[in-house]
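If you count the sequence shown from 1, position 116 lands on 159 in the working numbering, and the numbers rise without skipping.
Here is the structure we will look at.
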Amino acid sequence: MKNQRSLSRACLAGLMLSVTPLLAACAAQATPPVAAAPEINTITVVGRGDVSARPDVARAQMGIEVMAPTVHEATRLAAARMTEILAALKNAGLAEKDIQTSNYSIQLVRQPDVPPWMATGHAQPAPAVAPAAPATAPAAPAGRGPKAPQPPAPKPPPADLAPAAPPPPTHVYQVSNTVMVVIRNLDQVGAVLDAAVAAGANNVWGVSFGLDDTDPLEARAREKAIADARARAGALARLQGVSLGPVVSISEVVEQGPIYAPRAALASGGYSADMGTPVSAGEVSFGTQVKVVYALESAPASPRK
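Written out as structure tokens, the structure reads:
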């Protein structure tokens, strides 16, 4: 019995040793060899698209800047003037959402030579006028009584008793209050600026024009950039005697946002000298670039002459 069991185990071990190489060979035949990826010839170009359009919105910074010898006086003057400016802007048709405070600051300015009238923010006082000399009594006719006595000329006060001028302040406080305004009616840009100045604004800068919605302009710029990229790639491919294949990759680079263009036109169609501040709206432009990688087909293009 023991001899039979040993014989069976030996036969089974021999069978497994003979089958294992056969299975490995079948597995090797079932897995196809991995072919190396063919090399893809490509061409890379950068296309550009530029478009321009008339602006439909204007923006400007405007506000006040006052000086006074104390913080309380400076802030009081600034608040009073800014209240008048805001009221003038609203009366000019600007909506509440289009008026936004962009700066408010209080600064100590050391100016030893500032005269008192400038430090308080008031106008320069008019020079004092010397009082007129008192009228003398009419002289009596000759030969008719004694002459009227002449009043003595007034003597100037002694130098040490004359009132001394107040010394100039050693420092003043400067308060600035600025708002950013959005003007949606370009025909009213000049009128809005004039209204703000008339209300007391002495700081106006940063007048610019743009588009409230730039998406349509950007879409047109992309279309032009894609067309320009394909034209460039096709020209390069023809020079090399090959044909363009499919697009391998594409990426966009926005080079610049809306900018003021040199082509100008008056916002209101023209101004005369008595109509207010002239403002030129011009045009805004948008530029974008796209980087496109094309595959090249080996089939030659039409022969060059």
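By construction, the Cβ of each residue, glycine as well, lies at the ideal position given by its N, Cα and C atoms.
Residue ARG265 holds the alpha-carbon nearest to the alpha-carbon of GLY90 among PRO289, VAL291 and ARG265. About 5 Å separates the Cβ atoms of ASN220 and MET125, confirming a contact at the 8 Å cut-off. Judged by pairs of C-beta atoms under 8 Å, the segment 260 to 276 touches the segment 326 to 337, as three or more such pairs exist. Counting only the Cα atoms, PRO197 lies some 48 Å from ALA241.
When only Cα atoms are considered, LYS140 and ALA130 end up about 14 Å apart. When DSSP states are grouped into helix, strand and coil, LEU287 belongs to the strand group. A buried status is given to LEU236, since no fewer than 16 other beta-carbon atoms sit within 10 Å of its beta-carbon. In this structure, the alpha-carbon of LEU254 lies about 8 Å from that of VAL327.
Inclusion of VAL322 and ALA103 in the CB contact set at 7 Å is not warranted, their separation being larger than that value. THR87 sits exposed, since fewer than 16 C-beta atoms from the chains shown fall within 10 Å of its C-beta. In the DSSP secondary-structure assignment, ARG102 is bridged to VAL225 and SER251. By alpha-carbon distance to ALA268, the top candidate from GLY288, VAL296 and THR118 is VAL296.
Residue burial is scored here from C-beta neighbours: LEU229 has at least 16 other C-beta atoms within 10 angstroms and is therefore classed as buried. A Cβ-Cβ contact shorter than 7 Å links MET105 with ALA244. In this structure GLY330 is buried. Its beta-carbon is surrounded by 16 or more other beta-carbon atoms within 10 angstroms. In the structure shown, the three-state DSSP call for ARG263 is helix. Taking all protein chains in view, the Cβ of ALA239 is crowded by 16 or more other Cβ atoms within 10 Å, so the residue is classified as buried. Here LEU137 is buried: its Cβ has 16 or more other Cβ atoms, across all protein chains shown, within 10 Å. Note on geometry: alpha-carbon atoms of THR213 and ILE149 lie some 17 Å from one another. The alpha-carbon of PRO192 is positioned some 58 Å away from that of VAL114. For THR257 and ARG281, the gap between their C-alpha atoms comes out near 37 Å.
Of the residues LEU151, PRO98, ASP93 and ASN84, the one whose Cα lies closest to the Cα of ILE226 is PRO98. Inclusion of VAL232 and ALA101 in the CB contact set at 7 Å is warranted, their separation being smaller than that value. Secondary structure of GLY233 (DSSP, three-state): helix. Distance from VAL218 to GLN143 at the Cβ level is roughly 19 Å; contact not present, criterion being Cβ atoms closer than 8 Å. In the three-state DSSP reduction, LEU339 falls in the strand class (E or B). The continuous stretches of beta strand (DSSP E) do not include ASN84, and DSSP gives it neither H nor E. In the three-state scheme derived from DSSP, where H, G and I count as helix and E and B as strand, ASN146 is classed as strand.
Under the DSSP assignment, LEU132 falls in the alpha helix (DSSP H) whose first and last residues are 114 to 134.
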